[in-house]
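Written out below as structure tokens is the structure these notes cover.
Numbering (UniProt numbering), first residue to last: 1 to 154.
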């Protein structure tokens, strides 16, 4: 396995995060959009304290991205402040797959979370392969994830 270097993304990485995010979206079939990178950078920088993000590098290239959203619980009597992470996306560049990049990104996130008030990490595994990947890293499925959709029914 080639060396994988993981680092937490800082403000100077905003365009790297945006470019990896766009690459992820394009792989999922999303169209190009003029001005997207600038729009993404502005939004990510504004929310950065609650959007812990990790970047992977391997063989001199940006190899992947793990993006989360930190949700802080409101104070509750007798309870220390707590938060949880929602994994918004894990992307590994096609040329960097099968090098341990996804595992390294996920392990870095878990190690960071252990040093904070984060009490749990949640994510949606989109398919059986992803579910198996996360299970190997210690994730489990406590039940069914449910949502209420507020879209127009047209």
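Idealized CB from N, CA, C, for every residue including glycine.
- Nearest neighbour of residue 36 by Cα position, chosen from 77, 52, 58, 23, turns out to be 23.
- Between the alpha carbons of residue 9 and residue 93 lies a distance of about 17 Å.
- Residue 114 counts as exposed, since fewer than 16 other C-beta atoms from the protein chains shown sit within 10 angstroms of its C-beta.
- For the set 119, 100, 129, the Cα lying nearest the Cα of residue 82 is the one of 119.
- A Cβ-Cβ separation of about 5 Å places residue 91 in contact with residue 65 under the 8 Å criterion.
- Out of 132, 96, 17, 98, the CA that lies nearest to the CA of residue 48 is found in 17.
- Assigned with DSSP and collapsed to three states, residue 53 falls in strand.
- Inter-residue distance for residue 129 and residue 78 is about 41 Å (C-alpha atoms, whole angstroms).
- Secondary structure at residue 107: helix, using DSSP grouped into helix, strand and coil.
- Rounded to whole angstroms, the separation of the alpha carbons of residue 40 and residue 99 is 28 Å.
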